[in-house]
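*Asks:* Take this structure, written in structure tokens, and hold onto it; I'll ask about it next.
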Amino acid sequence: MISINNLSVQFSGESLFDHVSFFINDKDRIGLVGKNGAGKSTLLKIIKGLQKSDEGDVIIPDNFTLGYLPQEMEPFSTKSVMEEAVAAFEEVTRLEERIAGYEQEIRERTDFESDSYQKLIRHHADDLERFHHLGAQAIHVNIEKVLLGLGFERDDFERKLSTFSSGWQMRVEIAKILLQQPDLILMDEPTNHLDIDSIQWLEEYLSEFKGAIVLVSHDRAFLDNVTKRTIEISKGKIYDYKANYSEYVLMREERMESQLATFNNQQRQIRQIERFIERFRSKATKAKQVQSRIKMMEKIDLVEVDLIDESGIHFRFPPAPHAGKIILEAEHLCKDYPQKRVLNDLNFSVIKNDRIAFVGKNGEGKTTLSKVITGQTDFTGILKYGHNVVIGYYAQDQSDFLDPEKTVFKTIDDIAVGDIRPRIKNILGGFLFSGDDIEKKVKVLSGGEKSRLSLAKLLLTPANLLILDEPTNHLDMDSKDVLKNALLQFNGTLIIVSHDRDFLQGLTTRIFEFRHGVVKEYLGDVYDFLEQRKLQNLDELTAVQKTKKVILNEEPASRNKQNWEQKKLNEREIRKVKNQITKCETEIEHLEAAMKQMEEMLGSPEKYQKKIQDGSLYNEYQKSKEMHAREMKRWEELQYELEILES
């Protein structure tokens, strides 16, 4: 159990914490909540020992281990993913080296009866027992389980960590913490670095974790699924609730209503006593009663109403300029990087007032397609924009586009034009930048403040197509609610990349799932999509379970035979599907070559005048195009079937 006693922290002349105290018990599941700047990250750093408080202390038992994931970090490792993950087991590595040294010495010595030899044997036995107690034999199995759960592929294990984005490097840090199995895990915004699949995996993993957890998150669904206790930080105080986030919100409202009712009743009682005293103060016959009431007033314990920090952003997107019915059309859109094809032959359209969510694992092309649409990266294929389409873009790494040396005011003033310029201070005020805040340099802003400033920039140019890539990272709960409400009222077209299930719920009507270079469309919002995906997975699971049930009812010898036969059958099916894929790919190549030749012919009407005029060349081209689309669809289905068989 960890004890936090009378903690006080002053920051810029204001109290971040004012003599706060609480306990972290074994197996606690605590969610730290509060507005940006309330002190959540600071509290985690103090518990970890990375920052000191002005007053009070944190009492941690001896041999107590803590794992800590910061909100941001500067990765510097030169190791591979697997080597970095293995580094989580420093004690095991030391034990392995010592045990190897003991065993070498045991082989070389012959003084079997000496005290030093017996001491050597005892040290070897103790370290070997500790080695087995730590489950060292299963280290690589556990590492694979965690890395795969967090979205890595086996091919990634030997890649240098420095070749991954900062988000993927943070996943390795999460993996190391989980693998170390500390007594307490402290996590600051872990879902910022994860996709929906990995978040769901992490939820399940943490539900089985045997130690305590304290986490900061602005993901309601994640908090509800992981935590059982909520500590709210507000105006230097803490409020402790034995409930998950959704239950805490209801309990806080009930507490505030009860507190306010008690306060109002007491104030009425005080006013009645004061009126009696004022009315009869000068009458000798009432002197005894007046004194009695004065003493009564002195003994009253005044009820205090806890102040809720009601400051919050408030804004609306400007009306969308008029646009045509078709916003975007993509045909055979592809995007290749040196090592990988990220987007493969995408064909889709975006209609006016569509509300689309891009979901899928990180690295599958969501951000890449966003950059393709906004013209920030090249591609092959066709991408057509509709009439008068004006794009507003919020990048995932939006803070990198802010000049760290500029002030908040200068950042907006440099791009504001026309009638907006006189309203800059009002716009900034809507995003909680006022007074001296507008003269702060960008480099000293928190992650949440940079996100708010980037959102403020979006308001300066009216757009009819908003593309937002992870806009909720670093925003507190209230700010996310305001942003969601503004997007619900936005009268243009919306494409949003997000892994926040609660934020996406009810916001979008189409889901584009990115998987293995292709995009599959689902109708509905994110929970409709997850339900459909779950049903698909359950169908696959049911087929496997039926096979298992038959096998388990057999005798052991028969079961082994069945297992062997099932394995062979599965291998045959895999070979069969792979052969079909190869044939399909060959056919696609032939069709693409033929289509390319026909496109060249259509581009030379003087040479192929007859075939073009009678329409035979065009008909042949359309027929090949339809066959190509069918073959591509079949190729996708075969790839999906192969994935299921191999898993």
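Residues in the sequence shown are numbered from 1472 upward in steps of one, following the numbering used here.
Note that the Cβ used here is the ideal one computed from N, Cα and C, for glycine as well.
Fair warning: this is a prediction, and the values are worked out from it, not measured in the lab.
1. Ignore the nearest five residues each way along the sequence and tell me which others in residue 1820's own chain have a CB closer than 7 Å to its CB.
2. For residue 1612, does the count of other Cβ atoms within 10 angstroms reach 16, so buried, or fall short, so exposed?
3. Considering just the uninterrupted stretch of the beta strand (DSSP E) at residue 1657, what are its terminal residues?
4. Would you mind sorting residue 1972 into buried or exposed? The rule is 16 or more other CB atoms within 10 Å of its CB.
5. Can you check whether the CB of residue 1933 is closer than 8 Å to the CB of residue 1794?
6. I'd like the ranges of any beta strand (DSSP E) spanning at least 3 consecutive residues and lying wholly in the region 1497–1563.
7. Would the beta-carbon of residue 1510 fall within 8 Å of that of residue 1487?
8. Which term fits residue 1935, buried or exposed, when burial requires 16 or more other beta carbons within 10 angstroms of its beta carbon?
9. With respect to the beta strand (DSSP E) encompassing residue 1989, which residues constitute its N-terminal and C-terminal limits?
10. Determine, using beta carbons only, whether residue 1802 and residue 1504 come nearer to each other than 8 Å.
11. DSSP beta-bridge partners for residue 1812?
12. If you draw a straight line from the alpha carbon of residue 1710 to that of residue 1901, how long is it in whole angstroms?
13. With a cut-off of 8 Å, do at least 3 Cβ pairs link the region 1876–1891 to the region 1757–1771?
14. Name the residue from 1832, 2093 and 1954 whose alpha carbon lies nearest to the alpha carbon of residue 1666.
15. For residue 1903, which three-state DSSP category applies?
16. Could you spell out where the beta strand (DSSP E) holding residue 1696 opens and where it closes?
17. Roughly how many angstroms separate the alpha carbons of residue 1713 and residue 1674, rounded to a whole number?
18. Hey, would you say residue 1708 sits closer than 8 Å to residue 1491, going by beta carbons?
19. Which residue wins for smallest C-alpha separation from residue 1979, given the options 2088, 1852, 1918 and 1828?
20. Helix, strand or coil: how does DSSP classify residue 1986 here?
21. Can you tell me where the alpha helix (DSSP H) holding residue 1960 begins and where it ends?
22. So residue 1638 is in the alpha helix (DSSP H); what residue range does that whole segment cover?
23. Just to check my reading of the structure: residue 1556 and residue 1692 have Cβ atoms closer than 8 Å, yes? What is that Cβ distance to the nearest angstrom?
24. Would you report the Cα separation of residue 1516 and residue 1651, rounded to the nearest angstrom?
25. Who are the Cβ neighbours of residue 2105 in its own chain at under 7 Å, not counting the five residues just before and after it?
26. Note the first and the last residue of the continuous alpha helix (DSSP H) segment covering residue 1604.
27. Is residue 1867 helix, strand or coil when you go by DSSP?
28. Report the option in 1830, 1924, 1581 and 1628 whose CA atom is closest to the CA atom of residue 1993.
29. Under 8 Å between the Cβ atoms of residue 1655 and residue 1682?
30. Taking all protein chains shown into account, do 16 or more other C-beta atoms lie within 10 angstroms of the C-beta of residue 1716, making it buried, or fewer, making it exposed?
31. Looking at C-alpha atoms only, which residue of 1573, 1578 and 1582 is the closest neighbour of residue 1593?
32. Leaving out five residues before and five after residue 1677 in sequence, what residues of the same chain have Cβ atoms less than 7 Å from its Cβ?
33. For the 8 Å Cβ check, are there 3 or more pairs between the region 1528–1544 and the region 1561–1569?
34. Identify, in the order they occur along the chain, each residue of the same chain with its Cβ nearer than 7 Å to the Cβ of residue 1887, setting aside the five sequence neighbours on each side.
35. Could you check whether the region 1938–1953 touches the region 1902–1920, counting it as contact only if at least three pairs of C-beta atoms, one from each stretch, sit closer than 8 Å?
36. Check whether the Cβ atoms of residue 1967 and residue 1939 sit closer than 8 Å, and answer yes or no.
*Replies:* Let me spell this out:
1. Here residue 1820 is taken as the residue at index 349 of the sequence shown, counted from 1. Around residue 1820: 1797, 1799 and 1800.
2. The sequence position of residue 1612 within the sequence shown is 141, counting from 1. Result: exposed.
3. Along the sequence shown, one-based indexing puts residue 1657 at 186. Element bounds for residue 1657: 1655–1659.
4. Numbered from its first residue, the sequence shown carries residue 1972 at position 501. Answer is buried; the Cβ neighbour count reaches 16.
5. Numbered from 1 along the sequence shown, position 323 holds the residue referred to as residue 1794. Numbered from 1 along the sequence shown, position 462 holds the residue referred to as residue 1933. Cβ distance not < 8 Å, so residue 1794 and residue 1933 don't count as in contact.
6. Correct list: 1500–1504, 1526–1530 and 1537–1540.
7. Locating residue 1510 in the sequence shown gives position 39, counting from the first residue. Locating residue 1487 in the sequence shown gives position 16, counting from the first residue. Cβ atoms of residue 1510 and residue 1487: closer than 8 Å.
8. As a working note, residue 1935 is residue 464 in the sequence shown. It is buried - the Cβ of residue 1935 has at least 16 other Cβ atoms within 10 Å.
9. Looking up residue 1989 in the sequence shown gives position 518. Segment 1989–1994, the beta strand (DSSP E) holding residue 1989.
10. As a working mapping, residue 1802 is identified with position 331 in the sequence shown. As a working mapping, residue 1504 is identified with position 33 in the sequence shown. Not in contact: residue 1802 and residue 1504 (Cβ atoms no closer than 8 Å).
11. Along the sequence shown, read from residue 1 onward, the residue named residue 1812 stands at position 341. Its beta-bridge partners are 1807.
12. On the sequence shown, residue 1710 is found 239 positions in, with the first residue counted as 1. On the sequence shown, residue 1901 is found 430 positions in, with the first residue counted as 1. Rounded to the nearest whole angstrom, the CA to CA distance from residue 1710 to residue 1901 is 28 Å.
13. Cβ pair count under 8 Å is below three, so no.
14. For this step, residue 1666 is matched to residue 195 along the sequence shown. For residue 1666, the nearest C-alpha among the options comes from 1832.
15. By 1-based counting over the sequence shown, the position of residue 1903 is 432. Reduced to three states, the DSSP call for residue 1903 is coil.
16. The residue given as residue 1696 occupies position 225 in the sequence shown. Where residue 1696 is concerned, there is no enclosing beta strand (DSSP E), although the alpha helix (DSSP H) it sits in stretches over 1691–1697.
17. Counted from its first residue, the sequence shown places residue 1713 at position 242. Counted from its first residue, the sequence shown places residue 1674 at position 203. Their backbone Cα atoms lie some 19 Å apart in a straight line.
18. For the purposes of this step, residue 1708 is identified with residue 237 of the sequence shown, where counting begins at 1. For the purposes of this step, residue 1491 is identified with residue 20 of the sequence shown, where counting begins at 1. Going by C-beta atoms, residue 1708 is nearer than 8 Å to residue 1491.
19. As a first step, residue 1979 must be located in the sequence shown, where it is residue number 508. Nearest Cα to residue 1979 within the set 2088, 1852, 1918 and 1828: 1828.
20. Taking the first residue of the sequence shown as 1, we reach residue 1986 at position 515. Residue 1986 falls in the strand class under three-state DSSP.
21. Residue 1960 sits at position 489 when you count from the first residue of the sequence shown. In the DSSP assignment, residue 1960 falls within the alpha helix (DSSP H) that extends over 1948–1960.
22. Residue numbering aside, residue 1638 sits at position 167 when the sequence shown is read from its first letter. Residues 1637–1651.
23. Taking the first residue of the sequence shown as 1, we reach residue 1556 at position 85. Taking the first residue of the sequence shown as 1, we reach residue 1692 at position 221. Between residue 1556 and residue 1692, the beta carbon gap of about 27 Å keeps them out of contact (Cβ cut-off 8 Å).
24. By 1-based counting over the sequence shown, the position of residue 1516 is 45. By 1-based counting over the sequence shown, the position of residue 1651 is 180. Rounded to the nearest whole angstrom, the CA to CA distance from residue 1516 to residue 1651 is 19 Å.
25. Reading the sequence shown from its first residue, position 634 is the one you call residue 2105. Within the same chain, residue 2105 has close Cβ partners 2055.
26. Translated into the one-based positions of the sequence shown, residue 1604 becomes position 133. Boundaries of the alpha helix (DSSP H) around residue 1604: 1586–1604.
27. Against the sequence shown, residue 1867 aligns to sequence position 396. Three-state DSSP puts residue 1867 in coil, outside helix and strand.
28. For the purposes of this step, residue 1993 is taken as the residue at position 522 of the sequence shown. Measuring from the Cα of residue 1993, the nearest candidate turns out to be 1830.
29. Along the sequence shown, one-based indexing puts residue 1655 at 184. Along the sequence shown, one-based indexing puts residue 1682 at 211. Against a cut-off of 8 Å, the Cβ pair of residue 1682 and residue 1655 comes out as a contact.
30. Translated into the one-based positions of the sequence shown, residue 1716 becomes position 245. Of the residues assessed, residue 1716 falls on the buried side of the cut-off, its CB having 16 or more other CB atoms within 10 angstroms.
31. Position 122 of the sequence shown, counting from 1, holds the residue named residue 1593. When each option's Cα is compared against that of residue 1593, the closest is 1573.
32. The residue you call residue 1677 lines up with position 206 of the sequence shown. Counting only Cβ-Cβ distances below 7 Å, and skipping sequence neighbours, we find 1684 and 1697.
33. Contact between the region 1528–1544 and the region 1561–1569 is absent, with fewer than three C-beta pairs closer than 8 Å.
34. Counting from one through the sequence shown, the residue named residue 1887 turns up at place 416. If you ignore the 5 residues before and after residue 1887, its C-beta comes within less than 7 Å of the C-beta of 1895 and 1931, all in its own chain and listed in chain order.
35. Touching, yes, given that three or more Cβ pairs across the two stretches are closer than 8 Å.
36. Numbered from 1 along the sequence shown, position 496 holds the residue referred to as residue 1967. Numbered from 1 along the sequence shown, position 468 holds the residue referred to as residue 1939. Closer than 8 Å, so yes.
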